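Undergrad: Can you keep this structure in mind? I'll have questions shortly.
In my numbering, the protein residues as written are 27 to 231.
Here it is in structure tokens:
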């Protein structure tokens, strides 16, 4: 899609200033690439789904973008394309050709506001550890593939991918429980200065 075509669309919509553009809808237009959208500094939502996009570069898109819909394309990699979009809250990537799980997740690690992401119907989801891997490495995500991320999943993912830290935390938790037992007298160790009894059960003089 050429810039003139975009300008014509905006003109038909009655939009005269680039700064007034907060969302653009380019779905189902047979696009093979994402156009240069740097002229729209206030762009927040972008739909480029259901096209023929294979390789993407979003470097010419405002870093303030909060929603990006890329599903139903033929994208093979997002490496180096999305990392600067640190304000993204919603990212839709399902039904593409993404194969490298670690590479794809690494590209999204700086997105601390990312709450909703979809990868389903990509080859990378065939990895048996796929969901736990994404949950652990993208802790801000609350909804993955249209399914809420449960606390139990987070715990299991943390145990799998940070076993050393998990053992330390478990040890600290055990220490706190043991200390609490001593303070409350609920443990097996007597408190309050009780004297030990002799073999016959009689307190020694």
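Just so it is clear, CB atoms sit at the ideal spot from N, CA and C, and this is done for glycine as well. Note that the coordinates shown come from a computational prediction; the quantities given were computed from them, not determined experimentally.
#1: Within the same chain, show all residues whose beta-carbon is closer than 7 Å to that of residue 45, passing over the 5 residues directly before and after it, in chain order.
#2: Using the Cβ count rule (16 or more neighbours within 10 Å means buried), how would you classify residue 170?
#3: What does DSSP give as the partner residue(s) for residue 51 in the beta ladder?
#4: Need the endpoints of the alpha helix (DSSP H) that residue 187 sits in, please.
#5: Determine the extent of the alpha helix (DSSP H) in which residue 133 is found, giving its start and end residues.
#6: Residue 98: buried (16+ other C-beta within 10 angstroms of its C-beta) or exposed?
#7: Report buried or exposed for residue 75, applying the criterion of at least 16 other Cβ atoms within 10 angstroms of its Cβ.
#8: Would you call the segment 130-149 in contact with the segment 109-119, where contact means no fewer than 3 C-beta pairs closer than 8 Å?
#9: Compare the Cα-Cα distances from residue 92 to each of 81, 78, 109, 101 and report the closest residue.
#10: Run the CB neighbour count on residue 58, radius 10 Å, all protein chains shown included, and call it buried at 16 or more, exposed below.
#11: Check this for me: beta carbons of residue 89 and residue 112, under 8 Å apart or not?
#12: Compute the Euclidean distance between the alpha carbons of residue 146 and residue 63, then round it to the nearest angstrom.
#13: What do you reckon, are the CB atoms on residue 79 and residue 101 nearer than 8 Å?
#14: Using the Cα positions of residue 122 and residue 40, report the straight-line distance between them to the nearest angstrom.
#15: Going by the DSSP bridge assignment, what does residue 42 pair with across the sheet?
TA: So, from the listed chains and residues:
#1: Apart from sequence neighbours up to five positions away, the residues of its chain that approach residue 45 with a beta-carbon distance below 7 Å are 67, 68, ordered along the chain.
#2: The residue is buried, with at least 16 neighbouring Cβ atoms inside 10 Å.
#3: For residue 51, which the question treats as bridged, DSSP gives the partners 73.
#4: Residue 187: member of the alpha helix (DSSP H) spanning 177-187, first to last residue.
#5: Residue 133 -> alpha helix (DSSP H) spans 127-133.
#6: So residue 98 ends up on the buried side.
#7: When all chains shown are included, residue 75 counts as buried.
#8: Yes, the segment 130-149 is in contact with the segment 109-119.
#9: Checking every option, the nearest Cα to that of residue 92 belongs to 109.
#10: Exposed: under 16 other Cβ atoms inside 10 Å.
#11: Yes, the Cβ-Cβ distance between residue 89 and residue 112 is below 8 Å.
#12: Cα to Cα, the separation comes out at about 27 Å.
#13: Cβ distance < 8 Å, so residue 79 and residue 101 count as in contact.
#14: Residue 122 and residue 40: Cα-Cα distance of roughly 34 Å.
#15: Residue pairing by DSSP leaves residue 42 without any beta bridge partner.
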